[in-house]
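In what follows, a single structure is set out as C-alpha cells and then discussed.
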Amino acid sequence: MKILCISDYVDPLIYNQEVKNNFADVDLVLCAGDLPMDYVDFVVTVLSKPTYFIFGNHNLKDFHLYHKSARNMPGTVQTDYNNPAYYHGGNYLGFKTVKDFSLVVEDPITGKKRPLLLAGVSGSLKYNNGLNQYTDKQMKFHLMMMLPKLIRNKIKYGTYLDIFLTHASPRHIHDHEDPCHKGFDCFNWFIEKFKPTYLVHGHIHLYDMREERAGVYGGTTVVNAYAHCVIEFPPKTSTETNITDTNKITI
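Residue numbers are given in my numbering: position 84 of the sequence shown equals residue 86, and the series is strictly consecutive.
In C-alpha cells form, the structure reads like this:
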C-alpha cells in the first residue's frame with residue numbers, strides 16, 4: 003500500500019493535472035494540516051483515493067465546520083451546518099480513530115485480513131492563544147479520549163493503531179525550539195504506549211534539506227510530510243526503501 007503524505011505547502015508537483023499519472027499507484031492520501039481546503043479538494047477529486055485530513059494552526063477558515071466550539075469565534079461566517087454542500091470531500095480525522103475497511107491489511111504470519119487502523123489530532127502547541135492551539139495537558143486529554151477505541155482495536159485486531167496523523171511533531175523529534183514549533187510531549191507518550199507503525203506530521207518546514215524527514219523512534223517511524231512524500235505500508239525491512247521524497251531522493 004502506497005500512501006501520499008502532504009502538508010504545509012501547496013506543492014506544484016501535486017497541484018497540476020499530471021498528478022493522477024504521477025501518483026497513479028497511491029492507495030491513500032494523508033493531509034497533515036496547514037493546507038488550503040481547496041487544495042485538499044483538488045487532491046480528492048483528481049486522485050479519487052481515500053483521503054484523510056486534519057487542521058494545523060493556519061488555514062483555519064473552515065475549522066468551524068468541523069468543531070462546534072469554534073462556531074462563535076469572531077469573523078466566523080455562519081452557515082447551515084446541516085448542509086453537506088459546505089463540507090469537503092476528504093475525511094476529517096481530527097481527534098478521531100477510524101477503521102478503513104476499503105484498505106485491507108494482511109497479517110504476514112496468519113494471513114488474516116483486517117482494515118487499516120488510523121487516528122489523528124489537529125492543532126499545534128499553544129503559543130499565542132490562537133485557534134486550534136493546545137497545551138500539552140489539553141492535547142493529552144484528547145488522546146485519552148481515544149483510549150476505548152484503541153483498546154477495542156487491540157482486542158479485535160491484535161494492534162492498537164497503524165498510522166497516527168498529527169500536525170505538530172513529538173517533542174524533540176523534528177521540532178524546533180521557538181514557541182510555535184515545539185512538539186508535544188504527550189505524542190512521545192502516545193507512540194511509546196500504542197506503537198503505531200507511522201506517525202505522520204507537518205508543521206516543520208524543511209527549508210534546510212539536511213534536516214531529517216523520517217526516523218524510527220521506539221519502533222514508530224516518524225515522518226515529516228512537508229510538501230509531499232510517499233510512504234509504504236506495511237513497511238519493508240529498512241526505512242531507506244519505505245519513504246520517497248520525489249522532490250529530492252529516496253531517504
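Note that beta-carbon positions come from the ideal geometry of N, C-alpha and C, so glycine has one too.
| task | For the alpha helix (DSSP H) containing Val46, list its first residue and its last residue. | result | The residue given as residue 46 occupies position 44 in the sequence shown. Val46 -> alpha helix (DSSP H) spans 39-49.
| Just checking my contact of Tyr271 with Leu145 at CB under 8 Å: how many whole Å lie between their CB atoms? | Outside the displayed range of the chain (3 to 253) lies residue 271, so it cannot be described from this structure.
| task | Name, in chain order, the residues that DSSP records as bridge partners for Ile165. | result | Here residue 165 refers to the residue found at position 163 of the sequence shown. Answer by DSSP bridge pairing, in chain order: Leu120, Tyr200.
| Does DSSP put Phe270 in a helix, in a strand, or in coil? | Given that the chain is displayed from residue 3 to residue 253, the structure contains no residue 270 and the question cannot be resolved.
| request: Have a look at Asp187, Leu201, Gly185 and flag the residue whose alpha-carbon is nearest the alpha-carbon of Leu167. | output: As a working note, residue 167 is residue 165 in the sequence shown. Looking at the Cα atoms, Leu201 is the closest of the given residues.
| query | In this structure, what does DSSP give as the bridge partners for Asn18? | reply | The residue labelled residue 18 in the question sits at position 16 within the sequence shown. None, per the DSSP bridge assignment.
| request: Please classify Tyr209: does DSSP put it in a helix, a strand, or coil? | output: On the sequence shown, position 207 is the one that residue 209 refers to. The three-state secondary structure of Tyr209, taken from DSSP, is coil.
| task | Locate the alpha helix (DSSP H) running through Leu152, then write down its first and last residues. | result | Residue mapping note: residue 152 aligns to position 150 of the sequence shown, counting from 1. Counting along the chain, the unbroken alpha helix (DSSP H) around Leu152 starts and ends at 149-159.
| query | So Ile56 and Gly35 are in contact, right, with Cβ under 8 Å, and what is the actual spacing, rounded? | reply | Here residue 56 is taken as the residue at index 54 of the sequence shown, counted from 1. Here residue 35 is taken as the residue at index 33 of the sequence shown, counted from 1. That pair is a contact at about 5 Å.
| query | For Asn24, which three-state DSSP category applies? | reply | To locate residue 24, count along the sequence shown from 1; it is residue 22. Asn24: helix per DSSP, three-state reduction.
| request: May I have the straight-line CA-CA distance separating Ser104 from Val28, to the nearest angstrom? | output: For this step, residue 104 is matched to residue 102 along the sequence shown. For this step, residue 28 is matched to residue 26 along the sequence shown. Answer to the nearest angstrom: the Cα atoms are 14 Å apart.
| task | Quick one: residues in its chain with C-beta nearer than 7 Å to the C-beta of Glu194, no 5 flanking neighbours on either side, listed in chain order? | result | In the sequence shown, the residue the question calls residue 194 occupies position 192. These residues qualify, in order along the chain: Gly220.
| request: Give the DSSP-derived three-state secondary structure of Leu30 in the structure shown. | output: In the sequence shown, counting from the first residue as 1, residue 30 sits at position 28. Strand at Leu30.
| request: Return the residue from the list His230, Lys238, Asn23 that minimises the CA-CA distance to Leu37. | output: In the sequence shown, counting from the first residue as 1, residue 37 sits at position 35. That would be His230, whose Cα lies nearest to the Cα of Leu37.
| message | Rounded to the nearest angstrom, what separates Thr112 and Pro236 at their Cα positions? | response | On the sequence shown, position 110 is the one that residue 112 refers to. On the sequence shown, position 234 is the one that residue 236 refers to. Spanning the alpha carbons of Thr112 and Pro236 requires a straight line of approximately 15 Å.
| task | Just the C-alpha distance for Lys63 and Lys114, rounded to the nearest angstrom, thanks. | result | In the sequence shown, residue 63 corresponds to position 61, counting from 1. In the sequence shown, residue 114 corresponds to position 112, counting from 1. Lys63 and Lys114: Cα-Cα distance of roughly 42 Å.
| task | Answer with buried or exposed for Cys47, where buried requires no fewer than 16 other C-beta atoms within 10 angstroms of its C-beta. | result | For the purposes of this step, residue 47 is identified with residue 45 of the sequence shown, where counting begins at 1. The sequence as given places Thr at residue 47; Cys does not occur at that position. Counting the other Cβ atoms within 10 Å of the Cβ of Thr47 gives fewer than 16, which makes it exposed.
| CB Gly257 to CB Gly58, shorter than 9 Å? | Absent from the model: residue 257. The displayed extent of the chain is 3 to 253, so no value can be given.
| Where do the ends of the alpha helix (DSSP H) carrying Lys142 lie? | Position 140 of the sequence shown holds residue 142. Following the DSSP letters along the chain, one finds Lys142 inside the alpha helix (DSSP H) bounded by residues 138-146.
| request: List the residues that DSSP assigns as beta-bridge partners of Leu127. | output: By one-based count along the sequence shown, residue 127 stands at place 125. Leu127 is bridged to Tyr136.
| said: I believe Ile254 touches Tyr228 by the beta-carbon criterion, under 8 Å. Please report the beta-carbon distance rounded to the nearest angstrom. | reply: A query on residue 254 cannot be resolved here, the shown segment of the chain reaching from 3 to 253 and no further.
| Beta-carbon spacing of Val123, His169 below 9 Å | Stepping through the sequence shown from its first residue, residue 123 is reached at position 121. Stepping through the sequence shown from its first residue, residue 169 is reached at position 167. With contacts defined by Cβ atoms closer than 9 Å, Val123 and His169 form a contacting pair.
| request: Determine, using beta carbons only, whether Tyr162 and Leu119 come nearer to each other than 9 Å. | output: As a first step, residue 162 is located in the sequence shown; it is residue number 160 there, counting from the start. As a first step, residue 119 is located in the sequence shown; it is residue number 117 there, counting from the start. Yes.
| Straight-line CA distance for Ile253 to Thr81? | By 1-based counting over the sequence shown, the position of residue 253 is 251. By 1-based counting over the sequence shown, the position of residue 81 is 79. Low local confidence applies: a pLDDT of 30 at Ile253 is under 50, so the model's placement there is unreliable, with the coordinate-based value given in what follows. Answer to the nearest angstrom: the Cα atoms are 45 Å apart.
| request: Would you give the residue range spanned by the beta strand (DSSP E) that Phe55 belongs to? | output: Looking up residue 55 in the sequence shown gives position 53. First-last of the beta strand (DSSP E) with Phe55: 53-55.
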